[in-house]
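Just so we're aligned: 238 in my numbering is position 29 of the sequence shown, and the numbers increase by one with no gaps anywhere.
Glycine included, C-beta positions come from ideal geometry on N, C-alpha and C.
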Amino acid sequence: MIQIIIFALVAIGILAITHVFLYISIINFFAVESAKIRYLIGGMLIFLPLGIILTQILSHFYDTAITRCAFYLFSLWFGTFTALLTFFLFVWITTLLPLNIPRFALGSIALILSLTYSAYGIRNAYHPEVKNITVTIKNLPENWKGKKVVQASDIHLGFIWGESFFHKLISSINAQNPEAVFITGDLFDGTGDKFDYVANDLAKLTSPKGSYFITGNHETYFGVEKSYDLLKNSGVTILRDEVKNVDGLQIVGINYENKKVADTIAKMTGYDKNGPSILLYHEPARTDEAKNSGIKLQLSGHTHAGQIFPYSFVTSLFYHGLDYGLHTNGDYSIYTSSGASTWGPAMRVGTNSEIVVITLQ
């Protein structure tokens, strides 16, 4: 709880400072002299970040058409605001160069690029791709070799991504003819309470060797037990800090809130450090613990690969380059998915939503 409060305070502080920067930029580049217009712009730039904060709070308590619409619109503002911040920062830097470009022109360029960025980001978010990779797992049983498994991470069912999206996602997963399906956390966003369709759709997964789920940070916010209840009768196996041996391949699942990966694996009954294994762990972290525990492939998500440029630089820095893609170190590999949907604004710039088809060798 303390961490959440600290994060919220830092986020509010950053929102305040950056909106002040945006106000100064608009006034400066468009030479706004009218006091009334300045007050109007200032009022809007106070209202919009407050709206982001308020709808984030209300989304956890009220599920109505109004809260859903407000949540969607204010989330989009966060994405558009990111674009405005980025491009106005760019044009401020441009003013330091001996180019003699009128400030109004620079401001107009920043505005046009921001709107283009936002429109592209919205369109891109609604077109998830199928990412195909091949991973070699040491001592993989013959009956698993050449088989495909699908990783679907960060689906974020809630106010923005709902029933229609989930139907299409399940169909897309089944179209890959997976031997197994791994849902690596954040199936639920933490917003909304209408999830009657979830178990029925998951029950339609056609994976002969099963479908498996572990929690992410958003299940922690939403309620872990509430998430488990929604998966009853879905046919999905919930892994709660445990290992399942599936035809000679060890499927290890560790909950998001568990930060002691090595200790947890060491206590798992039946786990063979030298045997083939796949670890489902939401965050691309504690990789040394996983590697030293004999894990051969770790499947993670959480980062969304930054989702919107330039946040990809932040996630890459924070996770030491492991925020997206396949990385191999000896017999150990980790794949971090960018996620099947989005968090916050339904926008993606510089990244793509994806389901991951992994051919095992």
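Worksheet item: Whose CA, out of R247, I235, Y335, lies closest to the CA of E563?
Response: Y335
Worksheet item: If we call anything under 8 Å between Cβ atoms a contact, is V339 one with V390?
Response: no
Worksheet entry | N561 versus A244: straight-line alpha-carbon distance, rounded | 43 Å
Discussion item. Please give the ranges of any alpha helix (DSSP H) in the segment 302 to 330, keeping only runs that are unbroken, at least 4 residues long and fully inside the region.
Written reply: none
Discussion item. Taking only three categories from DSSP, how would you classify W286?
Written reply: helix
Item to complete: Inspect the beta-carbon positions of F297 and A328 and report whether they are closer than 8 Å.
Response: no
Practice prompt. Could you check if L448 is buried or exposed, using at least 16 other CB atoms within 10 Å of its CB as the buried criterion?
Written response: buried
Worksheet entry | Pairwise C-alpha distance: Q459 and T345 | 15 Å
Item to complete: Give the straight-line distance between the Cα atoms of V558 and G515, rounded to the nearest whole angstrom.
Response: 9 Å
Worksheet entry | Distance between beta carbons of R312 and I238, contact taken as under 8 Å | It should be noted that the sequence gives Phe, not Ile, for residue 238. Indeed, because the Cβ distance is near 5 Å, the residues count as touching under 8 Å.
Worksheet item: So, L526 versus T545, is the Cβ gap smaller than 8 Å?
Response: no
Discussion item. Taking contact to mean 3 or more Cβ pairs, one atom from each stretch, closer than 8 Å, check whether the segment 351 to 365 and the segment 384 to 400 are in contact.
Written reply: yes
Fill in: Q265 (DSSP reduced to helix, strand or coil)
helix
Worksheet entry | Length of the line joining the Cα atoms of L508 and P387 | 16 Å
Item to complete: Counting only the same chain and skipping the five closest in sequence on each side, list residues whose C-beta sits under 7 Å from that of G251.
Response: Y232
Worksheet item: With distances taken between CB atoms, is the gap from I423 to L489 smaller than 8 Å?
Response: yes
Fill in: Pairwise C-alpha distance: P493 and I504
13 Å
Worksheet item: Considering only the beta carbon of each residue, do I543 and T291 sit closer than 8 Å?
Response: no
Worksheet item: What distance in whole Å lies between the Cβ atoms of L535 and I342, which are believed to be in contact at a cut-off of 8 Å?
Response: 6 Å
Discussion item. Check this for me: beta carbons of S416 and T446, under 8 Å apart or not?
Written reply: no
Worksheet entry | Enclosing beta strand (DSSP E) for K379 [first to last residue] | The amino acid occupying residue 379 in the given sequence is Ile; Lys does not appear at that position. Careful: I379 lies outside any beta strand (DSSP E), inside the alpha helix (DSSP H) at 372 to 383.
Worksheet item: Quick one, which of N483, Y480, P485, Y465 has its alpha-carbon nearest H166's?
Response: Shown here, the chain extends from 210 to 570; a query on residue 166 therefore has no answer.
Worksheet item: What separation, rounded to the nearest whole angstrom, lies between the Cα atoms of P554 and L249?
Response: 25 Å
Discussion item. By DSSP's criteria, T537 is part of a beta bridge. Which residues make up the other side?
Written reply: S542
Worksheet item: Who are the near neighbours of Y520 in its chain, counting only those whose CB is closer than 8 Å to its CB and skipping five residues on each side?
Response: T291
Worksheet item: Do you know how far the Cα of S323 is from the Cα of V461?
Response: 43 Å
Worksheet entry | Candidates Y326, Y271, G432: closest to T295 by CA position | Y326
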